[in-house]
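Have a look at the structure below before the remarks.
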Amino acid sequence: AQSVTQLDSHVSVSEGTPVLLRCNYSSSYSPSLFWYVQHPNKGLQLLLKYTSAATLVKGINGFEAEFKKSETSFHLTKPSAHMSDAAEYFCVALTGTASKLTFGTGTRLQVTL
Amino acid sequence: SQTIHQWPATLVQPVGSPLSLECTVEGTSNPNLYWYRQAAGRGLQLLFYSVGIGQISSEVPQNLSASRPQDRQFILSSKKLLLSDSGFYLCAWSVSRGLSQETQYFGPGTRLLVL
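Chains as they are written, first to last, in our numbering: chain E, 4 to 116; chain Y, 9 to 123.
As structure tokens, then:
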């Protein structure tokens with residue numbers, strides 16, 4: 004069985020400081036992993052994805068994530084937070100036929116002045 | 009380029025009334041299609057997915073149903089809404105390439121409030 008754990012339900016950072024959103028996965032084999040962002044009352048937007056190529060994945064809006072198999076982690080980072088980054092972030096694993104997704108419970112990122 | 013549409017954007021319905029939410033995809037053929045529900049303060053729950061016209065798989069038993077009358081149209085329905093059906097409904101699509109693991113792209117969502 005596959006599961007995705009987002010270790011923090013809420014993260015607060017100051018504008019201009021680094022962002023770290025943590026995600027661990029469990030799977031019997033290497034899944035494809037994604038980070039999506041959801042702004043209030045909006046759909047999900049793909050930030051980046053890992054599909055067993057490079058372990059460091061660069062996404063949109065300055066975000067990146069590193070796949071670490073030894074730690075079963077796929078943490079999302081950004082060097083400098085912007086007010087517009089405030090949103091809900093979902094770590095997601097994909098496996099099997101018909102592209103079934105397993106979602107983490109989400110991390111709400113708050114960015115303060 | 010591909011786009012995905014959902015309507016209505018917002019819906020307020022009384023308990024016991026019927027429901028029909030529509031999702032359409034443009035710019036691709038034979039996509040996999042998905043319906044998710046996001047309840048307040050929770051992650052996303054897969055409700056239905058479809059790999060082709062008339063082919064629907066249900067993930068969660070409930071009073072909702074889905075249909076795919078055309079290749080790029082996916083409809084979520086209910087004959088009688090419950091209070092617990094309130095939530096944010098998201099449609100998604102992915103390229104269909106057999107067993108390969110494809111990215112899913114989400115629509116803007118429909119917020120449903122059942123009173």
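Using N, Cα and C, we set each Cβ at its ideal position, and we do this for glycine too.
All values derive from a computational prediction rather than experimental measurement.
- In summary, the residues of the region 45-60 of chain E whose CB is separated from some CB of chain Y by less than 8 Å are Lys45, Gly46, Leu47, Gln48, Leu49, Lys52 and Thr54, in the order they occur in the chain.
- Within chain E, the residues placing a beta-carbon under 8 Å from that of tyrosine 113 (chain Y) are Leu49, ordered along the chain.
- Neighbourhood of lysine 72 (chain E) in chain Y, by CB distance below 7 Å: empty, with the nearest CB roughly 17 Å away.
- Ranked by Cα distance from glutamine 113 (chain E), the options E:Ile63, E:Thr75 and E:Leu24 are led by E:Leu24.
- For a Cβ distance threshold of 7 Å, nothing in chain Y lies close to glycine 62 (chain E): the least Cβ distance comes to about 12 Å.
- For lysine 81 (chain E), the number of other beta carbons within 10 angstroms of its own is at least 16, and it is reported as buried.
- Note that the C-beta distance between glutamine 46 (chain Y) and leucine 98 (chain Y) is below 8 Å.
- Leaving aside the five residues that flank histidine 78 (chain E) on each side, the residues in its chain whose CB is nearer than 7 Å to its CB run, in chain order, Leu23, Leu24, Arg25, Cys26, Ala68 and Glu69.
- Between threonine 32 (chain Y) and arginine 76 (chain Y) a beta carbon distance of about 11 Å is seen, past the 8 Å cut, so the two are scored as non-contacting.
- Rounded to whole angstroms, the gap between the alpha carbons of threonine 108 (chain E) and glutamine 70 (chain Y) is 22 Å.
- The C-alpha of valine 95 (chain E) lies about 10 Å from the C-alpha of glycine 51 (chain Y).
- For alanine 96 (chain E), the beta-bridge partners assigned by DSSP are E:Leu36 and E:Thr105.
- Contact between proline 34 (chain E) and tyrosine 28 (chain E) holds, since their C-beta atoms are separated by about 6 Å, short of 8 Å.
- Assignment of beta strand (DSSP E) within the region 17-66 of chain Y, counting only whole runs of 3 or more residues, yields 18-21, 27-34, 40-46, 52-60 and 63-66 in chain order.
- Not flagged as an interface residue toward chain Y: threonine 110 (chain E), since no C-beta distance is shorter than 8 Å.
- Distance between threonine 58 (chain E) and threonine 111 (chain Y), taken at the CA atoms: about 17 Å.
- For tryptophan 15 (chain Y), the closest alpha carbon among the candidates Y:Ile61, Y:Ile83 and Y:Ile64 is that of Y:Ile83.
- Residue pairing of leucine 59 (chain E) in beta bridges, as defined by DSSP: E:Glu69.
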